Amino acid sequence: MALVPRLEAALFKKIWTQTDRELIQRCLEGDQPAWNALVNRYKRLVYHFPSDARLRAEDCDEVFQETFMAIYKQLDKLLEVDELSRWIATVAQRITWKTANRRRGQMDYEVPQEYDVIDPDDIAPRQMELKVQQAMVRQSLAMLNTKCRKLLYLLFYEHDSSDYQAISKQAGIPHGSIGPTRKRCLVKFKDLLKKRGINEKNVSDWL
């Protein structure tokens, strides 16, 4: 009886490890699991922008729906896009801005300046690049298994990366195993980032 779940898990793993272009091609052929995999791959990136803009939950869902509707309508053109993550981030940011402004127009009180959402056209290319990369790093970290996710978070966000004693205590990993585990986890992490369109140079910039 366990054979079917195992087959489904194997199929999901095969689909999930495919490149964006491969998934898009399968989507164009009407493959529903491929579309589900594409949505799962980028849903955290899309939700990042309305969440960062402090939009309400229903508005975040609206941005999510509109963004993926735009993706679906443009699937054939997206085959030619080199870095899908940036394309999706730009669309999500633009829809977030429009949604935020529409909500502001419906309010009968002044919204504090810190809640302003910047027009994507006013964001410098480098700044937008950083926003996309930050979102993609968080998304890719979240896709790692618990052990790798916790270790890399401690290494890059919480501690001096050379303080293996403190990291060992918090991660629950023997001191002598941190180096080899770190190496294996970084390989997985870089692979996730590259599958999302961030090239090796940009990966190195973040690590």
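Using the UniProt record's numbering, the first residue of the sequence shown is number 1, and each one after it goes up by one.
The beta-carbon is built from N, C-alpha and C at its ideal position, and this holds for glycine as well.
Computed from a predicted model, the values in this text were never measured in an experiment.
So, for residue i: in the same chain, excluding its five sequence neighbours on each side, which residues have a beta-carbon less than 7 Å away from its beta-carbon?
i           : result
residue 26  : 34
residue 62  : 99
residue 266 : The chain is shown only over 1 to 207; residue 266 falls outside these bounds and no answer can be derived.
How big is the Cα-Cα spacing for residue i and residue j?
i           : j           : result
residue 185 : residue 152 : 8 Å
residue 193 : residue 143 : 10 Å
residue 181 : residue 43  : 28 Å
residue 187 : residue 177 : 16 Å
residue 102 : residue 175 : 53 Å
residue 64  : residue 145 : 25 Å
residue 134 : residue 73  : 27 Å
residue 36  : residue 130 : 27 Å
residue 18  : residue 132 : 21 Å
residue 112 : residue 31  : Because the pLDDT at residue 112 is just 40, under 50, the model does not fix this residue reliably, and the point stays unresolved.
Grab me the residues of residue i's own chain with a C-beta within less than 8 Å of its C-beta, minus the 5 sequence neighbours each way, in chain order.
i           : result
residue 225 : A query on residue 225 cannot be resolved here, the shown segment of the chain reaching from 1 to 207 and no further.
residue 140 : 189, 192, 193 and 196
residue 70  : 91 and 95
residue 58  : none
Is the beta carbon of residue i sitting closer than 9 Å to the one on residue j?
i           : j           : result
residue 79  : residue 21  : yes
residue 76  : residue 38  : no
residue 179 : residue 157 : no
residue 170 : residue 183 : no
residue 53  : residue 96  : yes
residue 167 : residue 147 : no
Short of 6 Å in beta carbon distance, which residues of its chain neighbour residue i, apart from the five on each side in sequence? Order them along the chain.
i          : result
residue 56 : none
residue 92 : 46, 49 and 67
residue 24 : 75, 78 and 79
Consider the Cβ of residue i: report whether some Cβ of chain D lies at a distance smaller than 9 Å.
i           : result
residue 188 : Judged by its chain identifiers, the structure shown contains no chain D, having just a single protein chain.
Original post:
Mind pulling the alpha helix (DSSP H) runs of 4 or more residues that sit fully within the segment 22-73?
Top reply: Secondary structure in the segment 22-73: the alpha helix (DSSP H) runs of 4 residues or longer, each lying completely within the stretch, are 32-52 and 57-73 in chain order.
Subject >> alpha helix (DSSP H) segments (min. 4 residues) lying fully within the segment 142-168 >> reply: Complete alpha helix (DSSP H) runs here, min 4: 146-153.
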